[in-house]
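Data block below; observations after.
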Amino acid sequence: MSHQTRPELDGRVAVVTGAASGIGKAIATTLARAGAAVAIADLDLNGARAVAGDIELEGGRAMGVKMDVADEAGVDRNFDAVAAKFGGIDILISNAGIQIVNPIENFSFADWRKVLAVHLDGAFLTTRAALRYMYRHEARGGVIIYTGSVHSHEASPLKSAYVAAKHGLLGLARVVAKEGAAHGVRSHVVCPGFVRTPLVDKQIPEQAREKGISESEVISKVMLGETVDGQFTTVDEVAQTVLFLAAFPSAALTGQSIIVSHGWHMQ
Ligand code: NAD
34 MSHQTRPELD GRVAVVTGAA SGIGKAIATT LARAGAAVAI ADLDLNGARA
84 VAGDIELEGG RAMGVKMDVA DEAGVDRNFD AVAAKFGGID ILISNAGIQI
134 VNPIENFSFA DWRKVLAVHL DGAFLTTRAA LRYMYRHEAR GGVIIYTGSV
184 HSHEASPLKS AYVAAKHGLL GLARVVAKEG AAHGVRSHVV CPGFVRTPLV
234 DKQIPEQARE KGISESEVIS KVMLGETVDG QFTTVDEVAQ TVLFLAAFPS
284 AALTGQSIIV SHGWHMQ
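Sequential numbering of the sequence shown, starting at 34, is according to the numbering used here.
Below you can see the structure in the form of structure tokens.
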């Protein structure tokens with residue numbers, strides 16, 4: 034008789050924001066392969082539905098939802114819809130993000146607010162909506178993982194709003210770890226180095242222009258110069274880290290920031 038091992042996240046329900054593209058898409062696919070039902074939440078509904086469709090083709094459970102993480106009413110409505118369809122919410126991956134680069138003296142207040150709205154307002158609103166469901170089913174516990182960045186720990190020029198927002202996520206995750214403990218909820222920040230996604234591809238020519246260097250120098254010096262092996266971090270490396278933390282069985286690991294950056298930043 035063959036022993037079938039139960040997938041690690043069997044019976045769990047996950048919401049992954051910014052999951053139509055890049056890192057979020059890889060996380061959503063990985064969690065689904067580990068047995069979770071996954072809501073692919075993104076501004077880009079067609080993209081979200083395409084990712085959900087691919088997961089279903091593999092035999093997983095998924096739904097695409099149109100969500101602006103900075104819209105309070107929309108976030109609450111979407112979490113209600115996901116919980117109604119899948120029967121609760123156990124895992125939140127707060128991942129949606131944008132980048133705007135500019136030196137501070139040229140950084141518009143509107144751009145500053147836009148970056149903080151997606152990263153920090155979005156993290157807060159989705160956290161609150163998820164916790165309300167997690168606290169209702171305390172026996173199941175829960176986990177909230179934020180996609181931070183090496184920029185949660187280090188600064189780079191031109192990225193004032195992004196660096197401020199990514200540092201802010203560390204504080205939010207630590208509060209969630211403390212408040213959530215009594216309800217079986219854990220929280221972490223996963224901090225990737227540079228990952229080759231549309232968000233980074235857009236920055237390469239922008240940084241070359243701002244810094245007056247070539248695009249290949251932006252890659253080899255600015256982005257990968259401090260890594261141990263000159264390699265980009267991959268979406269799968271980030272997704273495997275998220276899976277490990279999501280499946281970890283106790284609060285021995287909570288309130289942590291895990292850096293996945295090919296040694297760019299060590300703590
Ligand atoms: P990406 O541009 O490939 O994907 C981001 C997704 O977020 C897109 O699908 C976009 O539609 C969605 N999104 C943007 N604003 C949204 C909003 N208001 N509501 C809902 N969805 C929204 O980018 P990525 O590189 O996969 O980035 C994902 C996360 O990883 C971000 O938080 C980013 O800061 C972080 N990160 C990226 C890198 C990297 O090198 N790519 C490194 C460290 C951290």
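For glycine and all other residues, C-beta sits at the position ideal for the given N, C-alpha and C.
Worksheet item: Within 7 Å: the Cβ of Ile133 and any heavy atom of the ligand NAD?
Response: Stepping through the sequence shown from its first residue, residue 133 is reached at position 100. Every heavy atom of the ligand NAD is 7 Å or more from the Cβ of Ile133, so no.
Fill in: Close-in-space but distant-in-sequence residues of the same chain around Pro282 (CB under 8 Å, 5 per side omitted)
Position 249 of the sequence shown, counting from 1, holds the residue named residue 282. So no residue of the chain qualifies.
Worksheet item: Can Val233 be considered in contact with the ligand NAD, in the sense that its beta carbon sits closer than 7 Å to one or more heavy atoms?
Response: Position 200 of the sequence shown, counted from the first residue, corresponds to residue 233. Val233 Cβ: within cutoff of the ligand NAD.
Worksheet item: Helix or strand or just coil, what does DSSP make of Gly107?
Response: Locating residue 107 in the sequence shown gives position 74, where the first residue counts as 1. Helix at Gly107.
Discussion item. Within 10 Å of its beta-carbon, does Ser182 have 16 or more other beta-carbons around it, so buried, or fewer, so exposed?
Written reply: What you label residue 182 is simply residue 149 of the sequence shown in a count that begins at 1. Classification for Ser182: buried.
Worksheet item: Would you call Gln240 buried or exposed, if buried means 16 or more other Cβ atoms sit within 10 Å of its Cβ?
Response: Against the sequence shown, residue 240 aligns to sequence position 207. With 16 or more other Cβ atoms within 10 Å, it is buried.
Discussion item. Residues in the same chain with beta-carbon distance under 7 Å from Glu105, minus the five sequence neighbours each way, listed in chain order, please.
Written reply: Taking the sequence shown and counting its residues from 1, one reaches residue 105 at position 72. Taken in chain order, the residues that qualify are Leu158.
Worksheet item: Would you report the Cα separation of Thr180 and Ile126, rounded to the nearest angstrom?
Response: By one-based count along the sequence shown, residue 180 stands at place 147. By one-based count along the sequence shown, residue 126 stands at place 93. C-alpha separation (whole angstroms): 7 Å.
Worksheet item: For Asp75, does the count of other Cβ atoms within 10 angstroms reach 16, so buried, or fall short, so exposed?
Response: What you label residue 75 is simply residue 42 of the sequence shown in a count that begins at 1. The residue in question, Asp75, is buried, as its Cβ has 16 or more Cβ neighbours within 10 Å.
Discussion item. Taking the alpha-carbon of Ser54 as reference, which of Gln236, Ser294, Arg229 has the nearest alpha-carbon?
Written reply: What you label residue 54 is simply residue 21 of the sequence shown in a count that begins at 1. Closest by alpha carbon: Arg229.
Worksheet item: From which residue to which residue does the beta strand (DSSP E) around Met256 run?
Response: The residue labelled residue 256 in the question sits at position 223 within the sequence shown. It is not in any beta strand (DSSP E) - Met256 carries neither H nor E in the DSSP assignment.
Item to complete: Decide if Asn139 is buried, meaning its Cβ has at least 16 other Cβ atoms within 10 Å, or exposed.
Response: Numbered from 1 along the sequence shown, position 106 holds the residue referred to as residue 139. The residue is exposed, with fewer than 16 neighbouring Cβ atoms inside 10 Å.
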